[in-house]
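K.L.:
What follows is a single structure, and I will ask about it in a moment.
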Amino acid sequence: MPAPSRSALLLSGLLAAAGAAHFAAPRGFDAIVPKALPGEPRHWTRLSGVAEVALAAGVAHPRTRRSAAGLTGAFFVAVLPANLQMAADWRDRPAPQRAMAYARLPLQVPLILWAESVRRGAAHRS
5 MPAPSRSALL LSGLLAAAGA AHFAAPRGFD AIVPKALPGE PRHWTRLSGV
55 AEVALAAGVA HPRTRRSAAG LTGAFFVAVL PANLQMAADW RDRPAPQRAM
105 AYARLPLQVP LILWAESVRR GAAHRS
């Protein structure tokens with residue numbers, strides 16, 4: 005399997021697993037929904053889970069990979085406020101938990117770059 009396809013399928017798997025986790029264990033996701041968003045946190049948890057599963061399907065399929073990977077990058081930018089909310093809420097927790105919350109912030113950058121790499125790889129195959 006060519007490296008661009010393998011990378012796309014790994015990204016798709018990550019998205020699918022994260023999306024499924026929103027339904028299997030939603031409480032942790034509910035807790036980091038920014039308070040500024042209207043409505044119940046569970047609504048946003050479900051919506052983001054559906055988005056991740058849909059993006060996973062799009063990234064997995066070669067025909068939709070390019071646009072889905074671009075949308076995935078945008079999604080990773082869009083969920084940054086949830087990571088900021090988690091970092092703010094966890095600032096008084098024990099050091100290991102606090103470190104985990106803070107580590108999520110810079111991890112968005114490689115995720116965004118990964119999605120862009122998959123998008124570019126798909127563009128070359130079109």
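Mapping of the sequence shown onto my numbering: residues 5 to 130, in sequence order.
Quick reminder that beta carbons are idealized off the backbone N, C-alpha and C, glycines included.
#1: What would DSSP say about W94, mapped onto helix, strand or coil?
#2: Would a check of beta-carbon distances place L117 closer than 7 Å to chain D?
#3: Check whether the stretch 80-87 touches the stretch 115-128, counting contact only when three or more Cβ pairs, one atom from each stretch, lie closer than 8 Å.
#4: How close, in whole Å, do the beta carbons of L13 and A91 come, if the pair is a contact with beta carbons under 8 Å?
#5: Starting from L51, follow the alpha helix (DSSP H) in both directions and report where the run begins and ends.
#6: Can you give the beta carbon distance from G62 to A72, rounded, assuming they're within the 8 Å contact cut?
#7: Helix, strand or coil for L41, going by three-state DSSP, please let me know.
#8: Under 7 Å between the Cβ atoms of Q101 and I36?
#9: Given a cut-off of 7 Å, decide if V57 and G23 are closer than it, judged by their beta-carbon atoms.
#10: On a Cα-Cα basis, can you pick out the residue from A40, A126, P38, G53 that is closest to A29?
P.N.:
Let me lay it out:
#1: In the sequence shown, counting from the first residue as 1, residue 94 sits at position 90. Coil, per DSSP.
#2: Absence of chain D from the displayed structure is noted, only one protein chain being present.
#3: Enough Cβ pairs lie closer than 8 Å, so yes.
#4: In the sequence shown, counting from the first residue as 1, residue 13 sits at position 9. In the sequence shown, counting from the first residue as 1, residue 91 sits at position 87. 31 Å between Cβ atoms; not a contact.
#5: Along the sequence shown, read from residue 1 onward, the residue named residue 51 stands at position 47. Here the alpha helix (DSSP H) through L51 covers 45-64.
#6: By 1-based counting over the sequence shown, the position of residue 62 is 58. By 1-based counting over the sequence shown, the position of residue 72 is 68. At roughly 3 Å, the Cβ-Cβ gap stays under 8 Å, so G62 and A72 are in contact.
#7: Taking the sequence shown and counting its residues from 1, the one referred to as residue 41 is at position 37. It is coil, neither helix nor strand.
#8: Residue 101 sits at position 97 when you count from the first residue of the sequence shown. Residue 36 sits at position 32 when you count from the first residue of the sequence shown. With respect to the 7 Å criterion, Q101 and I36 are not classified as neighbours on the basis of their beta carbons.
#9: One-based indexing of the sequence shown puts residue 23 at position 19. One-based indexing of the sequence shown puts residue 57 at position 53. Yes, Cβ-Cβ distance for G23 and V57 is below 7 Å.
#10: By one-based count along the sequence shown, residue 29 stands at place 25. Looking at the Cα atoms, G53 is the closest of the given residues.
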